[in-house]
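Read the structure below first, then the notes.
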Amino acid sequence: MLFAAGIDVGAATAKAVILGDGKILGYAVRPTGYDVKVAADKVIEEALEKVGFSLSLDDLRYIVSTGYARESIDFAHKTVTEIICHARGAHFLIPSTRFIIDIGGQDSKAIEIDPEGQVTNFAMNDKCAAGTGRFLEVMAQVLEVGSVAEMGPLALQSKEPCRISSTCTVFAETEVVVLRAEGKERRDLIAGVHKAISARVNAMASSLIVRKDSVFTGGVAKNIAIKKFLEEEFGIELLVPDEPQIIGALGAALVAQTEFSKQQS
14 MLFAAGIDVG
24 AATAKAVILG
34 DGKILGYAVR
44 PTGYDVKVAA
54 DKVIEEALEK
64 VGFSLSLDDL
74 RYIVSTGYAR
84 ESIDFAHKTV
94 TEIICHARGA
104 HFLIPSTRFI
114 IDIGGQDSKA
124 IEIDPEGQVT
134 NFAMNDKCAA
144 GTGRFLEVMA
154 QVLEVGSVAE
164 MGPLALQSKE
174 PCRISSTCTV
184 FAETEVVVLR
194 AEGKERRDLI
204 AGVHKAISAR
214 VNAMASSLIV
224 RKDSVFTGGV
234 AKNIAIKKFL
244 EEEFGIELLV
254 PDEPQIIGAL
264 GAALVAQTEF
274 SKQQS
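All residue numbers for the sequence shown refer to the working numbering, where the first residue is 14 and numbers rise by one.
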């Protein structure tokens, strides 16, 4: 059996996927923390432990790294961009995929792909936290919500979402503080934050062709309110994989499998 792995070390979380002859054998997700190399070592170790039988790093024939810290992963054989990896991963799980929205901790991406899963166009926001998971984390603290996970259900309870017009996280935070002082309901403020993120992502993707077979990936895809508001912005239904955070790592593992097969042919 050919064992390959993909590792995606992002700003917020590190993810690893182990493949065996094209099947997912195990995966892991953990916070990146301060040291990206330590995060990479630990997440691949955790993924190997979840395989279900004895498998070590030495058994992996090929490893591809992706994510913002991909160049720091010294045990990877090759590095590949997140755009390519998300396209490969989403297409593998949902072959009908033609458009991908990925929202991670520190960036957001919109990707067009062809029927073979190849990238044809993309747009990316990587210079501002607005429109990312980090934006949600900041607002959760400002609004004194226990966790980001609690924000989605609260946002859907809102009848009158507040309008958050600022596209900068710092200014948006100030705007929320002012609205809170005016006595706005917490759920309306939270809904406004979610709608602001969705509008930001829609604006980022404005130059792309949005198709009906669209997949939502990244940790923020677990947020039911973001999904709902994005669907309203784009006018489409978004499909969310069972574990949306591992799509980049899965794509990297698929690239690893392909690269090793090329070398053997």
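From the three backbone atoms N, C-alpha and C, an ideal C-beta is built for every residue, glycine too. Model, not experiment: these values are computed from the prediction.
For residue i, which residues of its own chain have a beta-carbon under 7 Å away from its beta-carbon, when the five flanking residues on both sides are left out?
i, result
"residue 88", "70 and 76"
"residue 130", "100, 101 and 104"
"residue 85", "49 and 50"
"residue 74", "15, 16, 17 and 273"
"residue 209", "177 and 185"
"residue 134", "125 and 221"
"residue 250", "244"
Name the DSSP beta bridge partners of residue i, please?
i, result
"residue 40", "30"
"residue 67", "DSSP lists no partner for residue 67."
"residue 115", "122 and 230"
"residue 92", "78"
"residue 221", "Partner(s): none; residue 221 has no beta bridge."
"residue 73", "For residue 73, which the question treats as bridged, DSSP gives no partner whatsoever."
"residue 251", "227"
Hey, would you say residue i sits closer than 8 Å to residue j, going by beta carbons?
i, j, result
"residue 243", "residue 214", "yes"
"residue 188", "residue 177", "yes"
"residue 127", "residue 173", "no"
"residue 46", "residue 118", "no"
"residue 255", "residue 109", "no"
"residue 268", "residue 56", "no"
"residue 158", "residue 167", "yes"
"residue 171", "residue 204", "yes"
"residue 53", "residue 25", "no"
"residue 228", "residue 192", "no"
"residue 270", "residue 35", "yes"
What residues in its chain sit with their C-beta under 8 Å from that of residue i, if we drop five residues either side in the sequence?
i, result
"residue 99", "113, 115, 122, 124, 230, 260, 261 and 264"
"residue 161", "146, 149, 150, 153 and 236"
"residue 217", "121, 123, 136, 137, 138 and 144"
Residue range of the beta strand (DSSP E) that residue i falls in?
i, result
"residue 134", "132 to 138"
"residue 230", "227 to 230"
"residue 62", "Residue 62 -> not in any beta strand (DSSP E); alpha helix (DSSP H) instead, spanning 49 to 62."
"residue 20", "16 to 22"
Starting from residue i, trace the alpha helix (DSSP H) in both directions and tell me its first and last residue.
i, result
"residue 265", "260 to 277"
"residue 204", "199 to 217"
"residue 168", "164 to 168"
"residue 238", "237 to 247"
"residue 151", "146 to 155"
Apart from the five residues on each side of it in sequence, which residues of its chain come closer than 6 Å, Cβ to Cβ, to residue i?
i, result
"residue 211", "242, 243 and 246"
"residue 33", "14 and 16"
"residue 40", "30, 60 and 259"
"residue 155", "186 and 189"
"residue 79", "21, 93, 95, 98, 261 and 265"
"residue 106", "254"
"residue 238", "165, 168, 169 and 207"
"residue 90", "75 and 76"
"residue 42", "26, 28 and 258"
Quick check: is the beta carbon of residue i nearer than 8 Å to any beta carbon in chain C?
i, result
"residue 228", "The chain inventory of the structure shown lacks chain C, comprising one protein chain alone."
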